[in-house]
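Report on one structure; see the data block that follows.
Residue numbers (my numbering): 647 to 866.
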């Protein structure tokens, strides 16, 4: 599958309770140039070039501040529930992506993961080429056997998730549980040279460590 047939879905409805503030609006070092960007801007700017069929963003209680931060960046905004499990955002976003886009596949990415590993994305697109269009297929990048992001679902897999979620709105284990029920192809793609595919920014300590690490990488 070529990049020309992909859309992107950013999950941005969370409240960041463990962080104590809306972490998507926190500073993040830009990939190039000078100045400052934010977590949500970095996530969008890293994913959007791979999604010519468009970007959908699920937001909740902090929609206005997130939309203002992204400014004129094109997006289809989807209303989510900040108090619901993340699967609710996935479901809302995939419904919108299927309705509004002719994309053959959708990248699903949590907006609090500000770095998109470009090598991982390229490999994921190549891997999805191996699956027929009528067979549900999912590619999950892994870093030392631990699942990372973004994940890539072909259109058949998106339909399966939406149909399953319509019947079971709050499935055990969330999206992972839906994948367990999928009789398609689930590929866990080793990307051990892509450490940012697996990152947690749930607490102030995790954020500070990741920020410092990113700055250090950019000055190497």
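The beta-carbon is built from N, C-alpha and C at its ideal position, and this holds for glycine as well.
The structure presented is a predicted model; accordingly, all values stated were derived computationally and were not measured.
Does the separation of the CB atoms of residue 811 and residue 737 fall below 8 angstroms?
yes
Suppose you measure from the CA of residue 668 to the CA of residue 689; what does that come to, to the nearest Å?
Approximately 15 angstroms between the Cα atoms of the pair.
What does DSSP give as the partner residues of residue 755 in its beta bridges?
In the DSSP output, where bridge partners are listed per residue, residue 755 has 656.
May I ask which residues mark the beginning and end of the beta strand (DSSP E) holding residue 725?
722-725
Can you give the beta carbon distance from residue 833 to residue 773, rounded, assuming they're within the 8 angstroms contact cut?
6 angstroms
By how many angstroms is the C-alpha of residue 725 removed from the C-alpha of residue 713?
12 angstroms
Look up residue 695 in the DSSP assignment and say whether it is helix, strand or coil.
Assigned with DSSP and collapsed to three states, residue 695 falls in helix.
Between residue 787 and residue 755, is the Cβ-Cβ spacing less than 8 angstroms?
no
Best match in 656, 741, 686, 664 for proximity to residue 704 [C-alpha to C-alpha]
Comparing alpha-carbon positions, the option among 656, 741, 686, 664 lying closest to residue 704 turns out to be 656.
Determine whether the beta carbon atoms of residue 766 and residue 699 lie at a separation below 8 angstroms.
no
Whether residue 715 touches residue 850 by CB criterion (8 angstroms):
no
So what does DSSP say about residue 784, is it helix, strand or coil?
strand
In the DSSP output, what is residue 674 paired with across the bridge?
683
Indicate whether residue 730 and residue 661 have their beta-carbon atoms separated by less than 8 angstroms.
Taking 8 angstroms as the Cβ cut-off, residue 730 and residue 661 do not qualify as a contacting pair.
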